[in-house]
Amino acid sequence: MIIQILLFSVSICTDAFVASLAYGAGGIRIPLRSAAVIGGVGSCVLGVAVAGSGLIARILPPGVPAALGAILLLLIGAVTLCESTVKRYLEKRQQKKRLQFKLAGIQFMLEVYLDETRADRDQSKALSAKEALYLAAALSVDSLGAGLGLGLLSVPLLPLMGAAFLLGCAAVLGGHWLGGRVQKISGRDLSWLSGAILILLGALRLLAWA
Numbered sequence: 010m011i012i013q014i015l016l017f018s019v020s021i022c023t024d025a026f027v028a029s030l031a032y033g034a035g036g037i038r039i040p041l042r043s044a045a046v047i048g049g050v051g052s053c054v055l056g057v058a059v060a061g062s063g064l065i066a067r068i069l070p071p072g073v074p075a076a077l078g079a080i081l082l083l084l085i086g087a088v089t090l091c092e093s094t095v096k097r098y099l100e101k102r103q104q105k106k107r108l109q110f111k112l113a114g115i116q117f118m119l120e121v122y123l124d125e126t127r128a129d130r131d132q133s134k135a136l137s138a139k140e141a142l143y144l145a146a147a148l149s150v151d152s153l154g155a156g157l158g159l160g161l162l163s164v165p166l167l168p169l170m171g172a173a174f175l176l177g178c179a180a181v182l183g184g185h186w187l188g189g190r191v192q193k194i195s196g197r198d199l200s201w202l203s204g205a206i207l208i209l210l211g212a213l214r215l216l217a218w219a
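Have a look at this one:
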């Protein structure tokens with residue numbers, strides 16, 4: 010169980026690591042407080058998703074929640090593998106015709122989803138706590154979906170949230186440090202890594218259930 014919690018936490022921290030790598034390479038500072046905001050938001054979103062799906066698991070017949078959770082992890086993993094393709098499509102659509110929304114902030118959230126470094130709105134070369142909220146929200150989409158699947162598997166909530174918070178902060182700070190040393194991005198898309206880990210977790214759970 011401990012290994013699976015760590016694997017899951019690593020899978021949802023991959024995007025935060027890559028985004029922070031881009032910040033470090035771009036010379037944008039990420040203070041410790043902002044890193045804590047990103048890790049905290051991701052952990053809370055994950056906790057809400059797991060707790061909500063845990064309530065659903067109580068009313069389902071024995072064995073069914075485990076199977077549904079494993080299948081959902083497989084599906085979320087498969088979708089994550091295709092995330093880079095979706096982002097490229099949205100970027101092309103946005104370039105051809107700028108998307109407009111009536112709700113304030115929605116357009117900006119889409120831009121952050123497509124390019125995480127746009128969260129530095131004031132171009133101060135430092136990510137404030139408020140700006141970190143935008144980035145954390147964009148990075149928490151995968152946590153929400155995967156958390157729903159994991160909650161059906163009766164995973165202990167507090168250890169999971171704690172691991173997600175600590176690894177999330179470590180991913181942000183580590184990615185930023187590495188980006189600052191490299192000062193350039195290789196251009197490789199690593200979004201497939203989190204998807205592959207989720208698929209592995211789902212497959213292991215499905216085999217255990219069978």
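Heads up: the sequence shown is residues 10 to 219, going by our numbering. Even glycine gets a Cβ: it sits at the ideal position worked out from N, Cα and C.
Please classify residue i as buried or exposed, where buried requires at least 16 other C-beta atoms within 10 Å of its C-beta.
i	result
C91	exposed
G36	exposed
I11	exposed
I need the straight-line Cα distance from residue i to residue j, nearest angstrom please.
i	j	result
L209	G86	9 Å
L30	L182	9 Å
L215	A76	6 Å
G177	L41	12 Å
I14	A34	30 Å
R67	A180	34 Å
S43	G211	32 Å
A205	L142	27 Å
L213	L83	10 Å
E140	V73	41 Å
S163	L169	11 Å
A155	W186	28 Å
R38	A146	19 Å
V19	P70	31 Å
G184	A135	15 Å
T8	L159	Since the first residue of the chain shown is 10 and the last is 219, residue 8 is not available in this structure.
Taking 8 Å as the threshold (C-beta atoms), are residue j and residue i in contact?
i	j	result
A58	L153	yes
A28	L144	yes
G61	F174	no
G51	S137	no
A79	I47	no
L64	I21	no
L157	L81	yes
Y32	G171	no
So with Cβ pairs under 8 Å, would you call residue i a contact of chain C?
i	result
S152	Here there is only one protein chain, and chain C is not present.
Checking the sheet assignment: what are the DSSP bridge partners for residue i?
i	result
A135	R38
How about residue i: is its Cβ closer than 7 Å to a heavy atom in the ligand GTP?
i	result
V46	This structure lacks the ligand GTP, and indeed carries no ligand of any kind.
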